[in-house]
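Data block below; observations after.
2 protein chains.
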Amino acid sequence: MARGQVIYDEGEPPGVMYRLEAGCVRLQVNGEDGDRQIVAFLFPGELFGFCLDRRSTSAEAVSEVEVTRFMTRMVLEKSVARPDVVVELINRSNALFGVLAHHVEKITHLPAHERLIWFFNWLLRHADDARAPGVIELPMNYRDIADFLSLKPETLSRALKQLEDTGYLVRRGQRTVVLRQACVALPLRAGDRLAATQADSATG
Amino acid sequence: MARGQVIYDEGEPPGVMYRLEAGCVRLQVNGEDGDRQIVAFLFPGELFGFCLDRRSTSAEAVSEVEVTRFMTRMVLEKSVARPDVVVELINRSNALFGVLAHHVEKITHLPAHERLIWFFNWLLRHADDARAPGVIELPMNYRDIADFLSLKPETLSRALKQLEDTGYLVRRGQRTVVLRQACVALPLRAGDRLAATQADSATG
DNA sequence: CGCGCGCCTTGACGAGGGTCAAGGCGGCCC
DNA sequence: GGGCCGCCTTGACCCTCGTCAAGGCGCGCG
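Here you go:
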């Protein structure tokens, strides 16, 4: 599927579920004013669209993507003989909820630059291509990141510059960021105040 | 269970799931700074806590509540013979995600007073005791509402006053609000600009 | 009956981020 | 190779909401 393609729209009746094989997909809610909130980025291996009444969000291709389609009904019928499939589906579904719950807590409580730090560390954990440590290839553009973190593109741009100026990261082109050592080593403390690292980076 | 009681904590291993029989339960994420984001209010009839790895959120009693406990494992084992149970669980799980997704879109894109209008209309639809139209009995205190809408209590208080001053609603005590006709009649247009109704209410 | 503690309210002030506007930069198509 | 378009950047300004501080109100307990 091509970049930008709508996989399904909110409100549609379902029937098909997907497994993402390659690329990146976003789940989003489209507001009435043209506003958009991205509630999840999905990476290879993840299942999505396994609902039974109505699509609660839209799904769109962030990059070129490859998916496998399944008839949801058939999967469930077979699952009667395969309890592990049921467990898997419920686990995945709950995981989506849990990740979103934490996402909400972050984007509503952190200032812009800390949302970004959290986002990059999250990417490192969930979409790591395992190349050089701290190097992140972004599959999405800045607009998508802004809508994920609930920021405007201008604010995102400024926060990014601020992080670069304080030595937190380096940008290589628009689709690659390199996190500095201190940040890579502290993936669990992404919420820390930026100020704590300013002294370090000033000397670097 | 008494008001304020912790039903389970984030991170705990599960084992038991619940059906809410009476009262109101909140699902929440507790931030590191003591900040709290409430991601869902649950009302009678709803299932919660049916996860299999770790609790992704905490659950606490908003009011006095009555719940039925089930062994999650047993429910799933029985469900092998009952596909409808599986369908039900997956539906519920997806519904939670969908509701939260829309919740996020609202609290990140609407100003304080519109979040409140949306919240009240949401309560009317989901927790309606079917008494007089537009009358809402709040099971939770202002702090809970603030944490649900991602506002500070002060801002909530001010927004509430603003809505009262513009004639959008009337407060009877601290736990009852009465929505005006124009608002009750437009549950789907909760996102409208407040200004549109100011002229109306000024004459009322 | 009165005191005290939570919860809500109100005011003054400041900061972070949204808005508007314009400019740079790169990629793609012709 | 040149031009155009979309995406990102930068600046100036303003507005909403958060913060700090103090006061009111009601409920429960002594």
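Protein chains in written order, with the numbering used here: chain A, 23 to 226; chain B, 23 to 226. Where a beta carbon is used, it is the ideal one built from N, C-alpha and C, also for glycine.
First through last residue of the alpha helix (DSSP H) which encompasses B:ASN143: 134 to 148
Beta carbon proximity, B:GLU88 to chain A, threshold 7 Å: no
Residues bridged to A:ALA90 (per DSSP): One detail in the question is off: residue 90 of chain A reads as Thr in this sequence, not Ala. DSSP output for A:THR90 lists A:ARG41 as bridge partner(s).
Any C-beta of chain B under 7 Å from that of A:CYS46: no
Where A:ALA207 sits in the DSSP three-state scheme: With a pLDDT of 47 at A:ALA207, under the threshold of 50, the modelled position of this residue cannot be trusted; read the value that follows with caution. Correct three-state label for A:ALA207: coil.
Extent of the continuous beta strand (DSSP E) run through A:TYR164: Here A:TYR164 belongs to no beta strand (DSSP E); instead the alpha helix (DSSP H) covers 164 to 171.
Chain A contact for B:SER115 (CB, 7 Å cutoff): yes
Any non-hydrogen atom of the ligand NAD within 6 Å of A:TRP140 CB: Among the components modelled here there is no ligand, and therefore nothing to report on the ligand NAD.
Alpha-carbon to alpha-carbon, A:GLY189 and B:VAL28: 42 Å
Listed by chain order, chain B residues near A:LEU69 by CB distance under 8 Å: Result: empty, since nearest Cβ-Cβ is about 11 Å, beyond 8 Å.
Sequence-distant residues of the same chain with beta carbon closer than 8 Å to A:LEU178, five excluded per side: ALA134, LEU138, TYR164, ILE167, ALA168, LEU171
A:THR130 classed as buried or exposed, judged by whether at least 16 other C-beta atoms fall within 10 angstroms: buried
Contact list for A:GLU127 against chain B, beta-carbon separation under 7 Å: VAL51, GLY53, GLN59
CA nearest to the CA of A:ASP59, picked from B:VAL38, B:HIS125, B:PRO35, B:PHE65: The question names Asp, but residue 59 of chain A in the sequence shown is Gln. Closest option to A:GLN59, Cα to Cα, is B:HIS125.
For B:ARG180, the first and last residue of its enclosing alpha helix (DSSP H): 175 to 187
Within chain A, the residues that B:SER179 reaches when beta carbons sit closer than 7 Å: Those do not exist, as B:SER179 stays about 19 Å from chain A at its closest Cβ, beyond 7 Å.
Selection from A:TYR40, A:VAL47, A:PRO36 that minimises the alpha carbon distance to A:GLY26: A:VAL47
Residue from B:LEU160, B:THR198, B:GLU127, B:ARG197 with nearest C-alpha to A:PRO55: The sequence shown places Asp at residue 55 of chain A, not Pro. Ranking B:LEU160, B:THR198, B:GLU127, B:ARG197 by Cα distance to A:ASP55 puts B:GLU127 first.
Beta-carbon proximity list for B:ASP31, same chain, < 7 Å, skipping 5 on both sides: ARG77, SER80
Within-7 Å CB hit, B:ILE112 to chain A: yes
Cβ neighbour criterion (16 or more within 10 Å) applied to A:GLN196: exposed
DSSP state of A:GLY33 mapped onto helix, strand, coil: coil
Within chain A, partners of B:VAL109 - CB distance below 9 Å: LEU74, LEU98
Cutoff 8 Å; reference B:ARG95; Cβ partners in own chain excluding five residues on either side: GLY37
Contact list for B:PHE63 against chain A, beta-carbon separation under 9 Å: Here the premise fails: no neighbours, minimum Cβ distance about 13 Å.
Strand pairing of A:PHE63, partner residues [DSSP]: A:ARG48
Partners in chain A for B:ALA154, counting only beta-carbon separations shorter than 9 Å: The premise fails here: B:ALA154 is roughly 29 Å from chain A at the closest Cβ pair, so nothing lies under 9 Å.
7 Å Cβ cutoff, B:HIS148 in contact with chain A: no
Other residues of its chain near A:ARG92: CB distance less than 6 Å, five sequence neighbours each side excluded: Here residue 92 of chain A is Phe; the residue named in the question, Arg, does not match the sequence. Here the set comprises MET39.
Within-7 Å CB hit, B:THR130 to chain A: yes
Cβ of B:ALA123 within 7 Å of any chain A Cβ: yes
Spatially closest choice to B:LEU3 from B:LEU160, B:LEU132, B:ALA154, by CA coordinates: Only positions 23 to 226 of chain B appear in the structure, and residue 3 of chain B is not among them; the question remains open.
Continuous beta strand (DSSP E) stretch holding B:GLU68: start and end: Taken as a continuous stretch (DSSP letters only), B:GLU68 belongs to no beta strand (DSSP E), as it is neither H nor E.
Distance between B:LEU42 and B:GLY67 (C-alpha atoms, nearest Å): 6 Å
Cβ shell of B:VAL157 (< 6 Å), same chain only, five flanking positions each side left out: VAL200
Beta-carbon contacts of B:ALA181 that lie in its chain and below 6 Å, excluding the five residues immediately before and after: ALA134, HIS135, LEU138
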